[in-house]
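Asker:
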Amino acid sequence: MASLARLRTGIARARTIPFARTLQTAADSTTLQDDASHSEPFAVKLHEESFRSSKTDTPSLDLTVTKDSLLKIYREMAVIRRMEQAADALYKQKLIRGFCHLAIGQEAVSVGMANSLTPDDNIISSYRTHPFAVLRGASIVGLLGELLGRQCGISKGKGGSMHVFTESFQGGHGIVGAQVPLGAGLAFAAKYMEKPVATYAMYGDGASNQGQVFESYNMAKLWNLPCVFVCENNKYGMGTSAERSSSNTQYYTRGDLIPGIQCNGMDVLAVMKAVQHTKDWVVNGNGPILLEFVTYRYGGHSMSDPGTTYRSRDEVQRMRSTHDPIRGLQRYIEEWGLASEEEMKKIDKQAKADVDAAVEEAKASPLPEEDKLWTDIYVKGTEPSFMRGREREEVSVNDSCSCCVVH
Amino acid sequence: MISRRVAGRRDCWPIPSSLRSTLISASPRPSSLSSASMQSLRLLCKTAAASGTSRRWLQTSAVRLAVSNFQMPAMSPTMTEGNIASWKKKEGEAFSAGDVLLEIETDKATIDVEAQDEGIMGKILAPDGTKGIPIGKTIALLAEEGDDISNLEPPKEDTPPPPKQEASSSTPSPPQSVPDKQDAQPSSPPPVRPSMHPESSRPLFPSVLRLLQENGIENADKIKGTGVRGMLTKGDVLTHLGKASGPMGTYKETPSDVVTKSGGDQTKPPKKEEPRLLDGAAVRQLIVRNMLEASVKARTPPAAPPADFDSVIADYLPPAKAPSPRAEASLAKPSKPAAGYLEGLI
Numbered sequence: 001m002a003s004l005a006r007l008r009t010g011i012a013r014a015r016t017i018p019f020a021r022t023l024q025t026a027a028d029s030t031t032l033q034d035d036a037s038h039s040e041p042f043a044v045k046l047h048e049e050s051f052r053s054s055k056t057d058t059p060s061l062d063l064t065v066t067k068d069s070l071l072k073i074y075r076e077m078a079v080i081r082r083m084e085q086a087a088d089a090l091y092k093q094k095l096i097r098g099f100c101h102l103a104i105g106q107e108a109v110s111v112g113m114a115n116s117l118t119p120d121d122n123i124i125s126s127y128r129t130h131p132f133a134v135l136r137g138a139s140i141v142g143l144l145g146e147l148l149g150r151q152c153g154i155s156k157g158k159g160g161s162m163h164v165f166t167e168s169f170q171g172g173h174g175i176v177g178a179q180v181p182l183g184a185g186l187a188f189a190a191k192y193m194e195k196p197v198a199t200y201a202m203y204g205d206g207a208s209n210q211g212q213v214f215e216s217y218n219m220a221k222l223w224n225l226p227c228v229f230v231c232e233n234n235k236y237g238m239g240t241s242a243e244r245s246s247s248n249t250q251y252y253t254r255g256d257l258i259p260g261i262q263c264n265g266m267d268v269l270a271v272m273k274a275v276q277h278t279k280d281w282v283v284n285g286n287g288p289i290l291l292e293f294v295t296y297r298y299g300g301h302s303m304s305d306p307g308t309t310y311r312s313r314d315e316v317q318r319m320r321s322t323h324d325p326i327r328g329l330q331r332y333i334e335e336w337g338l339a340s341e342e343e344m345k346k347i348d349k350q351a352k353a354d355v356d357a358a359v360e361e362a363k364a365s366p367l368p369e370e371d372k373l374w375t376d377i378y379v380k381g382t383e384p385s386f387m388r389g390r391e392r393e394e395v396s397v398n399d400s401c402s403c404c405v406v407h
Numbered sequence: 001m002i003s004r005r006v007a008g009r010r011d012c013w014p015i016p017s018s019l020r021s022t023l024i025s026a027s028p029r030p031s032s033l034s035s036a037s038m039q040s041l042r043l044l045c046k047t048a049a050a051s052g053t054s055r056r057w058l059q060t061s062a063v064r065l066a067v068s069n070f071q072m073p074a075m076s077p078t079m080t081e082g083n084i085a086s087w088k089k090k091e092g093e094a095f096s097a098g099d100v101l102l103e104i105e106t107d108k109a110t111i112d113v114e115a116q117d118e119g120i121m122g123k124i125l126a127p128d129g130t131k132g133i134p135i136g137k138t139i140a141l142l143a144e145e146g147d148d149i150s151n152l153e154p155p156k157e158d159t160p161p162p163p164k165q166e167a168s169s170s171t172p173s174p175p176q177s178v179p180d181k182q183d184a185q186p187s188s189p190p191p192v193r194p195s196m197h198p199e200s201s202r203p204l205f206p207s208v209l210r211l212l213q214e215n216g217i218e219n220a221d222k223i224k225g226t227g228v229r230g231m232l233t234k235g236d237v238l239t240h241l242g243k244a245s246g247p248m249g250t251y252k253e254t255p256s257d258v259v260t261k262s263g264g265d266q267t268k269p270p271k272k273e274e275p276r277l278l279d280g281a282a283v284r285q286l287i288v289r290n291m292l293e294a295s296v297k298a299r300t301p302p303a304a305p306p307a308d309f310d311s312v313i314a315d316y317l318p319p320a321k322a323p324s325p326r327a328e329a330s331l332a333k334p335s336k337p338a339a340g341y342l343e344g345l346i
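For the protein sequence lines, the chains are A and B, in the order given. 69 is the number that this note's numbering gives to position 69 of the first sequence; each next residue is one higher, with no gaps. 151 is the number that this note's numbering gives to position 151 of the second sequence; each next residue is one higher, with no gaps.
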């Protein structure tokens, strides 16, 4: 098996020969620059292959972090992975139904972004967004309750996995790529209101071939909007590898006149640096910029996809064992002497206990009441005088007008 | 991985980390811990704990024995039960996240079940080849590294599998609301419904099936079918119920004023009152009538005068010449080529 793995990497390298230097995606390649024994900020240096750029300079490799911030990030990543695993388990118990897209393996992107931005900055993303909701203000109970369709859910149990919003997170969106124009609109609003905030419009490598993504690029560049288009490239769309679906898989180069940066999306520190850099870029009036995170998901596209029909199990296990973002951060923390292995284990156990408790609390919450079906559709004060829809009681052919329910 | 913590499984002694590490390093792989060695280890722990000097051995951060139930997972939204093809991990074997624990056969495919977390296979409750295991049933016990797995016992099935719970909680509500609706209806058919399926030797249209169900007709063979190859139509059912004069007739029971009004429009000339409210049938009739008229008109073109050279060439001549000599030739122009052009298309 080891020889097979070696052979496979050999092939992968041969395929990327046109690019003289490839982005490295190891999760633990950052080196310590200062003494990190106490909680004052210290400098670290990212691996020199952490970024690549197109039509702009790469971000600098120096980053300042603190012990507390790294431990907080570790805790968040551990909690989010546990939460996603709990969602997976609940789905396999048939307690969560319908759509459910998990981000196990991509924690570095969400946690790194959330830790480099302020709540005023906008993040809008697609349907793989459970981590963002939790990192931007929702509770774990609220998110799991939403997945379970319970009253305690952040959309009161009526939205589900694809419709999670918080005050500082503009939503998971179910239509592939449709959030990108919305993100451009948010950026337009920020510019119009002269607010110094950045908007991160996120999409995956699958959605990157949508026409509306390119339309948004065009308008953003035309009007110099403070928008960062973030391609979360986890190498596979729904059952198709990026190479099979995109003529150009260097997603950071696809913005025509818009500059782009490619970033190692498995190292949370590299993500933080890239986000800080792009935020400075757009807030200083340089117009839009593309940001591609090269990352990997361990599970299938959704719960209906076993995730092993278009890639080998060996590949997934290799990424798990060598590129895992949480294990990478754990290695930083232990090697730099910030915390011991026991303390890290303790954090892991606490994360598991917290999520288990949240699962039980969410399961105890009741299902939404039937008469609340017609509420929370419009913003308060903007409701029309009647709403149209279907109800399960209308079984009769005789009263032909029951299909238009007037309230 | 389906994991539910078993409460109250803390009766075993925590194993000192130093001991555990020596044991693990002595054996080639942690997975090959035999139950015998675990027993001896437990003994050691007990004696150590009994003596007063052992306090410092015991970890202060209590090692919790995390034995979790591994339940039959639903690998697809439609799966209700599955068979175990084979276990890929033996009892006592360690696994890491992403390893295949077992293969499950469902109604559609054979699927590998991966571990979400690292741990040790504690006890397999449903061996290879077990058939028809419902979702949610515990099929194995998983332990964490360092747990005593020698005397694991299958947990009592105190909670029923979750899908049943959900079904029982969601079903009571619709029947409550459905009868209210039914009572309001003018014709009160017997309340036996959607579950009842009418018997018939012939295939039935969905619309007919629904009509039969709503009117509680159980044996559809009693009704004579007048449709194609004797198929039952809605008209047949309505005739059988006495609600229509014949299978091709109109539905008699029309208490709502909308239907009567539009029914009147249907017989009167509907062309003149086009902006008025028309029902579906009237609109369809109107469309069909107009199409028929257009079609008939197109198929019988007005007799055109015989084509002579001048009338043919007239189209290609400059318009200056047209007014003076060939008034009647240009008159015949529009109808004839149009008819010829459209011929065969309509």
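Using N, Cα and C, we set each Cβ at its ideal position, and we do this for glycine too. For clarity, every value in this text was computed on a predicted model and none was experimentally measured.
I'd like to check one pair, leucine 46(A) with lysine 346(A): are the Cβ atoms closer than 8 Å?
Answerer: On the first sequence, residue 346(A) is found 346 positions in, with the first residue counted as 1. On the first sequence, residue 46(A) is found 46 positions in, with the first residue counted as 1. The answer is no: Cβ separation not under 8 Å.
Asker: Could you work out which residue in Lys380(A), Met344(A), Glu335(A) and Thr375(A) is closest to aspartate 34(A) when comparing CA atoms only?
Answerer: Position 34 of the first sequence holds residue 34(A). Of the candidates Lys380(A), Met344(A), Glu335(A) and Thr375(A), the one whose C-alpha sits nearest the C-alpha of aspartate 34(A) is Glu335(A).
Asker: Using only the alpha-carbon positions, how far apart do lysine 234(B) and serine 201(B) sit?
Answerer: Working through the second sequence from its first residue, we reach residue 234(B) at position 234. Working through the second sequence from its first residue, we reach residue 201(B) at position 201. Going by the C-alpha atoms only, they are around 17 Å apart.
Asker: Below 7 Å on C-beta distance, what does isoleucine 298(A) contact in chain B?
Answerer: Residue 298(A) sits at position 298 when you count from the first residue of the first sequence. It should be noted that the sequence gives tyrosine, not isoleucine, for residue 298(A). Near tyrosine 298(A) (Cβ distances below 7 Å), the residues of chain B are Gly98.
Asker: Does the region 228 to 237 of chain A come within contact of the region 65 to 78 of chain A, defined as at least 3 CB pairs closer than 8 Å?
Answerer: no
Asker: What's the call for isoleucine 175(A), buried or exposed, on a 16-neighbour Cβ count within 10 Å?
Answerer: Within the first sequence, residue 175(A) is the residue found at index 175, counting from 1. Exposed: under 16 other Cβ atoms inside 10 Å.
Asker: Tell me, which residues are paired with glutamine 71(B) by DSSP?
Answerer: Reading the second sequence from its first residue, position 71 is the one you call residue 71(B). Glutamine 71(B) pairs with Thr138(B).
Asker: What residue range does the beta strand (DSSP E) around asparagine 290(B) cover?
Answerer: What you label residue 290(B) is simply residue 290 of the second sequence in a count that begins at 1. That residue, asparagine 290(B), is in no beta strand (DSSP E); its alpha helix (DSSP H) goes 280 to 299.
Asker: Buried or exposed, going by whether 16 or more other CB atoms sit within 10 Å of the CB of phenylalanine 70(B)?
Answerer: In the second sequence, counting from the first residue as 1, residue 70(B) sits at position 70. It counts as buried.
Asker: Let me see if you follow: with CB-CB separation under 8 Å, is isoleucine 135(B) close to chain A or not?
Answerer: For the purposes of this step, residue 135(B) is taken as residue 135 along the second sequence, with counting starting at 1. Yes, because at least one Cβ of chain A sits closer than 8 Å to the Cβ of isoleucine 135(B).
Asker: For threonine 106(B), collect the residues of the same chain with a Cβ closer than 7 Å to its Cβ; drop the 5 residues on either side in sequence, then sort them by chain order.
Answerer: Position 106 of the second sequence, counted from the start, is the residue given in the question as residue 106(B). Within the same chain, threonine 106(B) has close Cβ partners Met75, Ser76, Met79 and Gly82.
Asker: Taking the alpha helix (DSSP H) that arginine 311(A) falls in, what are its first and last residues?
Answerer: Indexing the first sequence from 1 puts residue 311(A) at position 311. No alpha helix (DSSP H) contains arginine 311(A), which DSSP labels as neither H nor E.
Asker: Leaving out the 5 sequence neighbours to the left and right, which residues in its chain are closer than 8 Å to leucine 143(A) when beta-carbon positions are compared?
Answerer: In the first sequence, residue 143(A) corresponds to position 143, counting from 1. If we look at leucine 143(A) and ignore the five residues flanking it on each side, its Cβ neighbours are Met83, His130, Ala133, Val134, Gly153, Ile154 and Val164.
Asker: Using a Cβ-Cβ distance cut-off of 8 Å, determine whether proline 368(A) contacts chain B.
Answerer: Translated into positions along the first sequence, residue 368(A) becomes position 368. No - not a single Cβ of chain B is within 8 Å of the one on proline 368(A).
Asker: Which bits of chain B does arginine 97(A) rub up against, with CB to CB less than 8 Å?
Answerer: As a position in the first sequence, residue 97(A) is number 97, starting the count at 1. In chain order: Pro77.
Asker: Using 8 Å as the limit for Cβ to Cβ distance, is aspartate 147(B) near chain A?
Answerer: Indexing the second sequence from 1 puts residue 147(B) at position 147. Chain A, which has no Cβ nearer than 8 Å to the Cβ of aspartate 147(B), makes this no.
Asker: Within 8 Å (strictly less), CB to CB, does aspartate 117(B) reach chain A?
Answerer: Position 117 of the second sequence, counting from 1, holds the residue named residue 117(B). Answer yes: the Cβ-Cβ gap between aspartate 117(B) and chain A drops below 8 Å somewhere.
Asker: Given a limit of 9 Å on CB to CB distance, which residues of the region 170 to 204 of chain A reach chain B?
Answerer: none
Asker: In terms of residues, what are the limits of the beta strand (DSSP E) holding alanine 89(A)?
Answerer: Counting from one through the first sequence, the residue named residue 89(A) turns up at place 89. First-last for alanine 89(A): 67 to 92, but that is the alpha helix (DSSP H), not the beta strand (DSSP E).
Asker: Using the DSSP secondary-structure output, state which residues sit across from tyrosine 192(A) in a beta bridge.
Answerer: In the first sequence, the residue the question calls residue 192(A) occupies position 192. The partner list for tyrosine 192(A) (beta bridge, DSSP) is empty, contrary to what the question assumes.
Asker: Rounded to whole angstroms, what is the Cα-Cα separation between serine 247(A) and asparagine 215(B)?
Answerer: Against the first sequence, residue 247(A) aligns to sequence position 247. Against the second sequence, residue 215(B) aligns to sequence position 215. Their backbone Cα atoms lie some 60 Å apart in a straight line.
Asker: Could you tell me if cysteine 45(B) is buried or exposed, where buried requires 16 or more neighbouring beta carbons within 10 angstroms of its beta carbon?
Answerer: Reading the second sequence from its first residue, position 45 is the one you call residue 45(B). Residue placement at cysteine 45(B) is poorly supported in this model, since its pLDDT is 43, which falls under 50; the coordinates are not used for a value here.
Asker: Is DSSP giving alanine 126(B) helix, strand or coil here?
Answerer: For this step, residue 126(B) is matched to residue 126 along the second sequence. The answer is coil: DSSP assigns alanine 126(B) none of H, G, I, E or B.
Asker: Among residues of its own chain, excluding the 5 on either side of glutamate 118(B), which ones have a beta-carbon nearer than 6 Å to its beta-carbon?
Answerer: Here residue 118(B) is taken as the residue at index 118 of the second sequence, counted from 1. Hits under 6 Å: Ser96 and Ala97.
Asker: Is serine 408(A) close to chain B, meaning its C-beta is less than 8 Å from at least one C-beta of that chain?
Answerer: Because residue 408(A) is not part of the residues shown, which for chain A are 1 to 407, the question remains open.
Asker: Closer than 7 Å, Cβ to any Cβ of chain B: which residues of the region 315 to 337 of chain A, in chain order?
Answerer: Cβ contacts with chain B come from Val316, Gln317 and Arg320.
Asker: Give me the Cα-Cα distance between alanine 350(B) and arginine 289(B), rounded to the nearest whole angstrom.
Answerer: Given a span of 1 to 346 for chain B in the structure shown, any question on residue 350(B) remains unanswerable.
Asker: Can you give me the start and stop residues for the alpha helix (DSSP H) that threonine 239(B) sits inside?
Answerer: Residue numbering aside, residue 239(B) sits at position 239 when the second sequence is read from its first letter. Residues 234 to 240.
Asker: Should histidine 173(A) go down as buried or exposed, given a rule of 16 or more other Cβ atoms within 10 Å for buried?
Answerer: Sequence index remark: in the first sequence, residue 173(A) carries index 173 (1-based). Taking all protein chains shown into account, histidine 173(A) has 16 or more neighbouring C-beta atoms within 10 Å of its C-beta and is therefore buried.
Asker: When the distance is taken between beta carbons, is isoleucine 111(B) closer than 8 Å to isoleucine 120(B)?
Answerer: As a position in the second sequence, residue 120(B) is number 120, starting the count at 1. As a position in the second sequence, residue 111(B) is number 111, starting the count at 1. It is not a contact, given that the beta carbons lie outside the stated cut-off.
Asker: Rounded to the nearest angstrom, how far is the Cβ of valine 355(A) from that of alanine 86(A), given a contact under 8 Å?
Answerer: On the first sequence, residue 355(A) is found 355 positions in, with the first residue counted as 1. On the first sequence, residue 86(A) is found 86 positions in, with the first residue counted as 1. Contact between valine 355(A) and alanine 86(A) is confirmed by a C-beta separation of about 5 Å, below the 8 Å threshold.
Asker: Helix or strand or just coil, what does DSSP make of aspartate 35(A)?
Answerer: Here residue 35(A) corresponds to residue number 35 of the first sequence, with the count starting at 1. Note: aspartate 35(A) maps to coil in three-state DSSP.
Asker: Could you name the residues of chain A that alanine 74(B) contacts, counting a contact when the two beta carbons are closer than 8 Å?
Answerer: Residue mapping note: residue 74(B) aligns to position 74 of the second sequence, counting from 1. Within 8 Å Cβ-Cβ: Tyr91, Lys92, Gln93 and Lys94.
Asker: Take methionine 162(A) and list the residues in its own chain whose beta-carbon comes closer than 6 Å to its own, dropping the five residues that flank it on each side.
Answerer: If you number the first sequence from 1, residue 162(A) lands on position 162. Contacts found: Phe99, Tyr127, Gly172 and Gly174.
Asker: Any beta carbon from chain B within less than 8 Å of proline 41(A)'s own beta carbon?
Answerer: In the first sequence, residue 41(A) corresponds to position 41, counting from 1. So, not an interface residue.
Asker: Buried or exposed, going by whether 16 or more other CB atoms sit within 10 Å of the CB of asparagine 284(A)?
Answerer: The count along the first sequence starts at 1 and reaches residue 284(A) at position 284. By the 10 Å Cβ count, asparagine 284(A) comes out exposed.
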